[in-house]
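Asker: Line by line, the protein sequences are chains A and R.
Going by the working numbering, the first sequence runs without a break in its numbering and finishes at 384.
Going by the working numbering, the second sequence runs without a break in its numbering and finishes at 384.
2 protein chains.
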Amino acid sequence: MLVEITKDSLMNAVHHVIKAVAVNSPIPILQGINIQAGADGVSFTASNTSMTIQSMIPQDGASLTVKRTGAIVIPSRYFYDVIRKHDDELVVLEIKEQLILTIISGHSQIRLCGMDSAEFPYIDNGEGLSPSKLQMNSALFRSTVKQVAIVASTSETRPILTGVSFECHNNSLNLIATDGVRLASRTLHIEGYTNDSFNAIIPAKNLSEVSKLLSDADETTEIEVSNNRVKFMANGLKVESALIEGTFPSTKNVIPQSYLCEILVDKACLLKAVECVTVMASENIIRLVATADTLKLLSRTAEIGDIENEVPLLKMRGEEFIISLNGKFFIDILRNSDCESIRIRYAGKTSPIVVLPDDSLMSTLFLITPVRTHN
Amino acid sequence: MLVEITKDSLMNAVHHVIKAVAVNSPIPILQGINIQAGADGVSFTASNTSMTIQSMIPQDGASLTVKRTGAIVIPSRYFYDVIRKHDDELVVLEIKEQLILTIISGHSQIRLCGMDSAEFPYIDNGEGLSPSKLQMNSALFRSTVKQVAIVASTSETRPILTGVSFECHNNSLNLIATDGVRLASRTLHIEGYTNDSFNAIIPAKNLSEVSKLLSDADETTEIEVSNNRVKFMANGLKVESALIEGTFPSTKNVIPQSYLCEILVDKACLLKAVECVTVMASENIIRLVATADTLKLLSRTAEIGDIENEVPLLKMRGEEFIISLNGKFFIDILRNSDCESIRIRYAGKTSPIVVLPDDSLMSTLFLITPVRTHN
Chain A
10 MLVEITKDSL
20 MNAVHHVIKA
30 VAVNSPIPIL
40 QGINIQAGAD
50 GVSFTASNTS
60 MTIQSMIPQD
70 GASLTVKRTG
80 AIVIPSRYFY
90 DVIRKHDDEL
100 VVLEIKEQLI
110 LTIISGHSQI
120 RLCGMDSAEF
130 PYIDNGEGLS
140 PSKLQMNSAL
150 FRSTVKQVAI
160 VASTSETRPI
170 LTGVSFECHN
180 NSLNLIATDG
190 VRLASRTLHI
200 EGYTNDSFNA
210 IIPAKNLSEV
220 SKLLSDADET
230 TEIEVSNNRV
240 KFMANGLKVE
250 SALIEGTFPS
260 TKNVIPQSYL
270 CEILVDKACL
280 LKAVECVTVM
290 ASENIIRLVA
300 TADTLKLLSR
310 TAEIGDIENE
320 VPLLKMRGEE
330 FIISLNGKFF
340 IDILRNSDCE
350 SIRIRYAGKT
360 SPIVVLPDDS
370 LMSTLFLITP
380 VRTHN
Chain R
10 MLVEITKDSL
20 MNAVHHVIKA
30 VAVNSPIPIL
40 QGINIQAGAD
50 GVSFTASNTS
60 MTIQSMIPQD
70 GASLTVKRTG
80 AIVIPSRYFY
90 DVIRKHDDEL
100 VVLEIKEQLI
110 LTIISGHSQI
120 RLCGMDSAEF
130 PYIDNGEGLS
140 PSKLQMNSAL
150 FRSTVKQVAI
160 VASTSETRPI
170 LTGVSFECHN
180 NSLNLIATDG
190 VRLASRTLHI
200 EGYTNDSFNA
210 IIPAKNLSEV
220 SKLLSDADET
230 TEIEVSNNRV
240 KFMANGLKVE
250 SALIEGTFPS
260 TKNVIPQSYL
270 CEILVDKACL
280 LKAVECVTVM
290 ASENIIRLVA
300 TADTLKLLSR
310 TAEIGDIENE
320 VPLLKMRGEE
330 FIISLNGKFF
340 IDILRNSDCE
350 SIRIRYAGKT
360 SPIVVLPDDS
370 LMSTLFLITP
380 VRTHN
């Protein structure tokens, strides 16, 4: 291998894949980054047991020139730290001795001991399989994942709840996540989707990483779902994630179909008030009191004090209500809603509160189970 | 107490004093902030056993109006978090019921349970004592503390080394700190200093906090040293710190008086090179090789690899040398030197390396003890 590459391109690629490096893996090769220089460009790949990320830099003569092909796996942390400290524009990567990568940049020369590239896990190219394929605007995908993945469980006691359910049927894709107390659901219309229906449960952690890798530019993300894995592809990036096996709990009977009251409030006002009131909330429990024209928010902590805040209602339809819920959970939901106003539906003391971001698509729904309090 | 105050002034004052709050103190009152509203303004005070910080906002009719005097100690964390979340410009602080502070801001009302202000430690006004007094430009004081305090020890095994020695004698102030491996010393000329000589050892941690509180503006810091404490005053701020008892180790025989070689290098180049080489350094040990026109930096980690970097010499006087030292320590020193170039003096294999920032004052000296290596 003999490759000339600009520092920016190299840093960008390494920065993308380093999220998938299995830092504490007992398998040494998974602590590395697989660099493969071919005639068409250089790929950088990192992999842990759950996710593989690959970033490809095409040979364009400007940011990259491949003078001799080759491949090696090198220790990620040292490589990243060394490159990061350099400020020379051009970096030369060369394999002169077997399994040793020489990095020359400006006045410095680094020799890194590597491992055999052939032993590194590769991204399956799916020969012989016929995966379900769909395409989505990257920005839309990013915002959808941000909204839904936030409510997935982080506890491994029920592994299925650490995933986000993707259910595709008749040109519509439904994403659902829940941790048992909260639920988020968003339905998107998919154009040009031709294959069969599918259900897949994708680890929320991997999904969040994928969405962070997507740039905000107006590009398209391709998604391929096969039996036990999902692949995301956009703009030189390929991410493969394992799927979670099992059946996602049915959420049909959980979402209240009718309601006793609906209120509409300004989102920014409400978020500020909930954040403020949650500071003083014992165990994060805050109380909402909806009257004819205001939503009162209250909380208290014994021996410390109490707080009361008011948000004006934009609309109110139905009866007044009082309910207690987890303020932190409410903040998570509001922070991830890109909209001007929020619709809140009350369906009775023991039913979950329905929160609907009032955006142009109206495709997102959140549930929060109320907390029972004594007084 | 009934006080109207702008959010910015309030946040600023609380932000200053919160560093001295004893968050985990078994004495509940030390977890609080003492608010005292008098005819001339409102003071905010926080104190742990080692340091007390007081920020005073004068009554000017614009940012603060005191309508009724009074005092209360309130829980710092809740107060800070609640005020921070508000975006209303004006905050009203009022004591309506005994030991309860009511905070009204915009649409929210908070009641915080407080404690008796009379039980809070106060900053000694020094009646009956005649402290040594001196004045210094705040920016100069800040940069001096930054340079010297960084090498103080953080281990409590020898408490005296966690302090910075202030030695004032004949209009000159000498600051020294050392952790046994490194040493930093800076001598400043003090104008208008009239009192007797003094020696004081100030905890480096407190000193760093003080220097962070000082703004970069062209103001003056007053320092008052009495028997067992030191007071810093600048721009409405008062900080009082306990002193460390004992005698600071003599450093006279530690600093080499003659040298075999002196080199001059560009600071930015050297810092970049040391940072880069230290990444690959086993136990942070890097090797410096000074030849006629370059300084070579080398390091290696077994089974990972090695690195070599070069910095051109601006000047070289004396014999070539090779020495090994702790790269992290070298980085600390270089990062805190505001100068174009660095002078390095070599006085033999077993003598400490002398590092002199080549700035206009030429008043700072660093020592690093070399590491003995086998090859």
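Even for Gly, the Cβ is constructed at its ideal location relative to N, Cα and C.
Which one or two residues does DSSP pair with A/L57 in a beta bridge?
Answerer: It is Asn, not Leu, that sits at residue 57 of chain A in the sequence shown. DSSP, once it has assigned bridges, lists no residue as partnering A/N57.
Asker: When the Cα of R/S291 is compared with those of R/S117, R/R344, R/V154, R/K337, which residue comes out closest?
Answerer: Residue R/K337 is the option with its Cα nearest to R/S291.
Asker: Could you tell me which residues DSSP pairs with A/N318 in its beta bridges?
Answerer: DSSP output for A/N318 lists A/L306 as bridge partner(s).
Asker: Please state if the CB of R/S85 and the CB of R/I132 are separated by a distance shorter than 7 Å.
Answerer: No. Outside cutoff.
Asker: Would you list the residues sitting across from R/S114 in a DSSP beta bridge?
Answerer: Paired residue(s): R/S117.
Asker: Closer than 7 Å, CB to CB, is R/Y87 near chain A or not?
Answerer: Yes, R/Y87 lies at the interface with chain A (some Cβ there is under 7 Å from its Cβ).
Asker: Is there at least one non-hydrogen atom of the ligand FMN closer than 6 Å to the beta-carbon of R/N262?
Answerer: Among the ligands in the structure shown, none appear at all, so the ligand FMN cannot be discussed.
Asker: Runs of 3 residues minimum, wholly inside the region 258 to 311 of chain A: which ones carry the beta strand (DSSP E) assignment?
Answerer: Counting whole runs of 3 or more residues, the region 258 to 311 of chain A contains the beta strand (DSSP E) stretches 270 to 275, 294 to 299, 303 to 310.
Asker: Taking 7 Å as the limit between beta carbons, can you name the residues of its chain near A/K155, skipping five residues before and five after?
Answerer: Same-chain partners within the cutoff: S220, N345.
Asker: Starting from the beta carbon of R/R120, find every residue of chain A whose beta carbon is closer than 8 Å, and list them in chain order.
Answerer: Under the 8 Å cutoff, chain A gives G314, D315, I316.
Asker: In the DSSP assignment, the alpha helix (DSSP H) including A/N21 goes from what residue to what residue?
Answerer: Counting along the chain, the alpha helix (DSSP H) containing A/N21 begins and ends at 16 to 26.
Asker: Return the Cβ separation of A/A213 and A/V239 in integer angstroms, given the expectation that the two are a contact with Cβ distance under 8 Å.
Answerer: Rounded, the Cβ-Cβ distance is 13 Å, inconsistent with contact.
Asker: State buried or exposed for A/E319, treating a residue as buried only when at least 16 other CB atoms are found within 10 Å of its CB.
Answerer: Classification of A/E319: buried, given that the 10 Å Cβ count is 16 or more.
Asker: Examine chain R for any beta-carbon lying closer than 7 Å to the beta-carbon of A/P84, and answer yes or no.
Answerer: Yes, A/P84 counts as interfacial toward chain R.
Asker: Within the 7 Å Cβ cut-off, does R/K221 reach chain A?
Answerer: Taking Cβ atoms only, chain A never reaches closer than 7 Å to R/K221, which makes this a no.
Asker: Can you tell me whether A/E128 is buried or exposed, with buried defined as 16 or more other CB within 10 angstroms of its CB?
Answerer: So A/E128 ends up on the exposed side.
Asker: Going along chain R in order, which residues have a C-beta closer than 7 Å to the C-beta of A/S117?
Answerer: C285, I316, E317, N318, listed in chain order.
Asker: List, in chain order, every chain R residue whose beta-carbon is nearer than 8 Å to that of A/V288.
Answerer: The answer, in chain order, is Y87, D90, V91, K94.
Asker: Anything in the region 269 to 281 of chain R with a Cβ closer than 9 Å to a Cβ of chain A? List those residues in chain order, please.
Answerer: For the region 269 to 281 of chain R, which is checked against every Cβ of chain A, the residues closer than 9 Å are C278, K281.
Asker: Which of the three DSSP states, helix, strand or coil, is assigned to R/Y131?
Answerer: Residue state, collapsed to three classes: coil.
Asker: Can you tell me which of A/R354, A/E312, A/V298 puts its alpha carbon nearest to the alpha carbon of A/L306?
Answerer: Selected option, being the one with the closest Cα: A/V298.
Asker: Near A/K324, which residues of its chain fall below 8 Å by C-beta distance, leaving aside the five closest residues on each side in sequence?
Answerer: Around A/K324: E271, I272, L273.
Asker: Using only alpha-carbon positions, find the residue among A/P67, A/V30, A/Q40 that is nearest to A/A46.
Answerer: Of A/P67, A/V30, A/Q40, the residue nearest in Cα terms is A/P67.
Asker: Within the same chain, show all residues whose beta-carbon is closer than 6 Å to that of A/I14, passing over the 5 residues directly before and after it, in chain order.
Answerer: Hits under 6 Å: L73, V100.
Asker: Helix, strand or coil for R/R151 per DSSP?
Answerer: Three-state result, R/R151: helix.
Asker: For R/V130 and R/I83, I'd like the C-alpha separation in whole angstroms.
Answerer: First, the amino acid is wrong: residue 130 of chain R is Pro here, not Val. So the alpha carbons of these two residues sit roughly 14 Å apart.
Asker: Does the pairing of the region 362 to 374 of chain A with the region 280 to 296 of chain A give three or more beta-carbon distances under 8 Å?
Answerer: Too few Cβ pairs lie closer than 8 Å, so no.
Asker: Tell me A/A209's beta-bridge partners as DSSP assigns them.
Answerer: Per DSSP, A/F175.
Asker: Just to confirm, are A/I211 and A/V173 a CB contact at a threshold of 7 Å?
Answerer: For A/I211 and A/V173, yes; Cβs fall inside 7 Å.
Asker: Could you tell me which residues DSSP puts in a beta bridge with A/K247?
Answerer: In DSSP, A/K247 forms a bridge with A/Q63, A/M242.
Asker: Indicate the three-state DSSP secondary structure (helix, strand or coil) for A/R326 in the structure shown.
Answerer: Reduced to three states, the DSSP call for A/R326 is strand.
Asker: Could you pull out every residue in the same chain whose Cβ sits closer than 6 Å to the Cβ of R/T310, ignoring the five residues on either side in sequence?
Answerer: M289, S291.
Asker: Please classify R/A29 as buried or exposed, where buried requires at least 16 neighbouring CB atoms within 10 angstroms.
Answerer: R/A29 should be labelled buried.
Asker: Using CA coordinates, which residue listed in R/A251, R/S164, R/A148, R/C278 is at the minimum distance from R/E228?
Answerer: When only C-alpha atoms are compared, the closest one is R/A148.
Asker: Locate the beta strand (DSSP E) running through R/G79, then write down its first and last residues.
Answerer: That run of the beta strand (DSSP E) goes 79 to 84.
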